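Residue numbering for the sequence shown follows numbering that gives the first Met the number 0, starting at 0 and increasing by one per position. Backbone N, C-alpha and C fix where the C-beta goes; we use that ideal spot for every residue, glycine too. These numbers were taken from a predicted model, which means no experiment stands behind them. See below for the structure under consideration.
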Amino acid sequence: MRAPPISVRRLLAACALAIAAADASAELVVVVSSRSPVGPLGADQVAAIFLGHASRFPGGAQALAIDQPLGAPQRDGFYRTLTGKTPALLKAHWSKMVFTGRGQPPREAGGDAAVRRLVAENPAMIGYIEREALDPSVRAVLVLP
Numbered sequence: 000m001r002a003p004p005i006s007v008r009r010l011l012a013a014c015a016l017a018i019a020a021a022d023a024s025a026e027l028v029v030v031v032s033s034r035s036p037v038g039p040l041g042a043d044q045v046a047a048i049f050l051g052h053a054s055r056f057p058g059g060a061q062a063l064a065i066d067q068p069l070g071a072p073q074r075d076g077f078y079r080t081l082t083g084k085t086p087a088l089l090k091a092h093w094s095k096m097v098f099t100g101r102g103q104p105p106r107e108a109g110g111d112a113a114v115r116r117l118v119a120e121n122p123a124m125i126g127y128i129e130r131e132a133l134d135p136s137v138r139a140v141l142v143l144p
């Protein structure tokens with residue numbers, strides 16, 4: 000006897016749940032160069048830097064935020080956890096900031112390895128990567144749940 004066929008809708012729903020579960024388990028860390036003097040940061044300080052409300056670290060040094068690519072699960076999870084903003088709300092935020100001349104969105108890098116490399120090379124940069132991507136070239140200043 001043949002098993003009943005699985006509907007495409009059920010298959011897609013199961014895949015979406017599996018992907019969401021995998022994304023939820025990835026712990027993100029906010030990183031700076033291992034050469035940076037910046038110490039641990041609070042979530043509000045990191046949010047201010049990534050939303051363009053602050054351009055300096057607490058000690059006064061310049062802060063340059065680096066984002067993951069648009070649509071990357073790390074990026075969506077980072078902003079949802081840190082700011083509560085969905086991709087649509089984030090897009091609206093940056094449209095307003097750019098239109099009013101108050102800021103530009105962070106530069107994008109092509110994934111964890113690219114973010115880690117850019118941050119490691121420049122002590123002014125700050126980015127976020129999955130915890131598994133940490134190496135001695137960068138240092139975590141905030142761990143996101």
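* Can you tell me which of the three DSSP states Ser136 falls into? => coil
* To do: State yes or no: is the C-beta of Glu129 within less than 8 Å of the C-beta of Pro68?
  => no
* **Whole-angstrom C-beta distance between Asp111 and Ala132, which should lie under 8 Å** => 4 Å
* To do: For Ala64, I'd like the list of residues in its chain whose CB is within less than 6 Å of its CB, leaving aside the five on either flank, ordered along the chain.
  => Ile48, Phe49, Pro105 and Ile125.
* Is Leu141 closer than 8 Å to Val37 when the C-beta atoms are compared? -> no
* Asked: Along the chain, where does the beta strand (DSSP E) that runs through Glu129 open and close?
  -> Element bounds for Glu129: Met124 to Glu129.
* Would Pro122 pass as a contact of Arg34 if the rule is Cβ separation under 8 Å? -> yes
* Are Leu81 and Leu143 touching if we call contact CB-CB under 8 Å? -> yes
* Across which residues does DSSP place Val118 in a beta bridge pair? -> Under DSSP, Val118 takes part in no beta bridge, so it has no partner.
* To do: Just the C-alpha distance for Pro85 and Tyr78, rounded to the nearest angstrom, thanks.
  => Here the sequence assigns Thr to residue 85, which means Pro is not the residue at that position. Each residue's alpha carbon lies about 7 Å from the other.
* Run the CB neighbour count on Asp43, radius 10 Å, all protein chains shown included, and call it buried at 16 or more, exposed below. => exposed
* Asked: Are Arg101 and Gly59 touching if we call contact CB-CB under 8 Å?
  -> no
* Asked: Distance, Cα to Cα, Gly76 vs Gly83?
  -> Answer to the nearest angstrom: the Cα atoms are 9 Å apart.
* Report the option in Gln103, Lys95 and Val137 whose CA atom is closest to the CA atom of Val114. => Val137
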